[in-house]
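K.L.:
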Amino acid sequence: MALTAHRRRRRLVILLAVGFGLLAALIGVGIYGLTLAPAPDAGTPAGDPTAPEAAPAVPTPTSSADTLPAIASTTDAEEFARDAAEALITWDTTAFELTAYAQVIVDAGDPSGFETAALASDVRSYFPTPDAWAQLRTYGTRQWLTIDDVYIPASWDDALDQAADGDLLPGTIAYTISGTRHRAGVVGTEAQETSRPIAFTMFIACEPSFAECHLLRLSEVDNPLR
Numbered sequence: 005m006a007l008t009a010h011r012r013r014r015r016l017v018i019l020l021a022v023g024f025g026l027l028a029a030l031i032g033v034g035i036y037g038l039t040l041a042p043a044p045d046a047g048t049p050a051g052d053p054t055a056p057e058a059a060p061a062v063p064t065p066t067s068s069a070d071t072l073p074a075i076a077s078t079t080d081a082e083e084f085a086r087d088a089a090e091a092l093i094t095w096d097t098t099a100f101e102l103t104a105y106a107q108v109i110v111d112a113g114d115p116s117g118f119e120t121a122a123l124a125s126d127v128r129s130y131f132p133t134p135d136a137w138a139q140l141r142t143y144g145t146r147q148w149l150t151i152d153d154v155y156i157p158a159s160w161d162d163a164l165d166q167a168a169d170g171d172l173l174p175g176t177i178a179y180t181i182s183g184t185r186h187r188a189g190v191v192g193t194e195a196q197e198t199s200r201p202i203a204f205t206m207f208i209a210c211e212p213s214f215a216e217c218h219l220l221r222l223s224e225v226d227n228p229l230r
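For what it's worth, the working numbering labels the leading residue of the sequence shown as 5, then goes sequentially.
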């Protein structure tokens, strides 16, 4: 009973710190997940990647899911945050299946499995829906991240000060990632690329709780701790 209460308290603190709003995140995915070409006023050709008549044949992924590399093991929280952020944002619809990319992030989670369902829910909000992924594949869409900054948000100190003993795993730390999300593909016969700023926070636990760093939760996309 005491263990269950402890876990509930820890989950509550993380939820409050993240300001988690799954519905809002899913709405956001519905918007940017389907968009490859920039808006007409962005100074680039106004292609419509959702128009069936413009779509080329659907390419088949060229790699098997079991060859997608895992996030490297490390005891360095910042190094882990950088690697995990790259793995979270970087994907290629023609190389691996959607589930393979998501599984890499979930596999880097709490090894006890306690936060697995919550982390999986967080991860889903960062990826296009399966239908959107299938649509993006018709354009050979790939995505990657340019990291500008990785830092411990000032508000994390406040969260630590307000947390009661036992509310957080020892060694838990938050890192906010800010940078640029790039997306490229082919609309009709024309190569297109778009980019936009992106920011999010990763909640990570390392030593002494775990021998190596693991990902506990993610903030909403573009709703990081500052």
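In this text, a Cβ means the ideal position worked out from N, Cα and C, and glycines have one as well.
None of these values were measured; they are calculated from a predicted model.
Return helix, strand or coil for Glu-119, following the three-state DSSP convention.
P.N.:
Looking at Glu-119 - three-state DSSP - the assignment turns out to be coil, as it is neither helix nor strand.
K.L.:
Kindly provide the ranges of any beta strand (DSSP E) runs that are 3 or more residues long and lie completely inside the segment 164-197, ordered along the chain.
P.N.:
With a minimum length of 3 residues, the continuous beta strand (DSSP E) runs that stay inside the segment 164-197 are 176-191.
K.L.:
Using DSSP with H/G/I as helix, E/B as strand and the rest coil, what is Glu-211?
P.N.:
Reduced to three states, the DSSP call for Glu-211 is coil.
K.L.:
With a Cβ-Cβ cutoff of 7 Å, do Gly-113 and Leu-123 count as a contact?
P.N.:
Cβ atoms of Gly-113 and Leu-123: closer than 7 Å.
K.L.:
Compare the beta carbon distance of Arg-146 and Asp-96 with 7 Å and say whether it is the shorter of the two.
P.N.:
Contact: yes.
K.L.:
Should the segment 169-180 be called in touch with the segment 206-220, which here means at least 3 C-beta pairs below 8 Å?
P.N.:
Touching, yes.
K.L.:
Excluding sequence positions up to five away, which residues of its chain have a Cβ less than 8 Å from the Cβ of Val-127?
P.N.:
These residues qualify, in order along the chain: Leu-92, Ala-106, Ile-109, Val-110, Leu-222.
K.L.:
Indicate whether the contact test is met: 3 or more Cβ pairs, each with one atom in the segment 186-194 and one in the segment 152-163, closer than 8 Å.
P.N.:
As far as the Cβ criterion goes, the segment 186-194 does not touch the segment 152-163, which means the pair count is below three.
K.L.:
Taking all protein chains shown into account, do 16 or more other C-beta atoms lie within 10 angstroms of the C-beta of Glu-197, making it buried, or fewer, making it exposed?
P.N.:
Label assigned to Glu-197: exposed.
K.L.:
Give me, in chain order, the residues of the same chain whose beta-carbon lies closer than 7 Å to that of Thr-150; leave out the 5 immediate sequence neighbours on both sides.
P.N.:
Same-chain partners within the cutoff: Gly-183, Thr-184, His-186.
K.L.:
What do you get for Gln-139, buried or exposed, if any count of 16 or more other CB atoms within 10 angstroms of its CB means buried?
P.N.:
The residue in question, Gln-139, is buried, as its Cβ has 16 or more Cβ neighbours within 10 Å.
K.L.:
Could you give the DSSP three-state label for Gly-34: helix, strand or coil?
P.N.:
Per-residue confidence for Gly-34 stands at a pLDDT of 28, beneath the threshold of 50, marking its modelled position as unreliable; the derived number appears in the next sentence. In this structure, Gly-34 counts as helix in the three-state DSSP scheme.
K.L.:
Whose C-beta lies closer than 7 Å to the C-beta of Glu-82 among residues of the same chain, with five residues either side of it excluded?
P.N.:
Closer than 7 Å at the Cβ level, and outside the excluded window around Glu-82, lie Val-154, Tyr-179.
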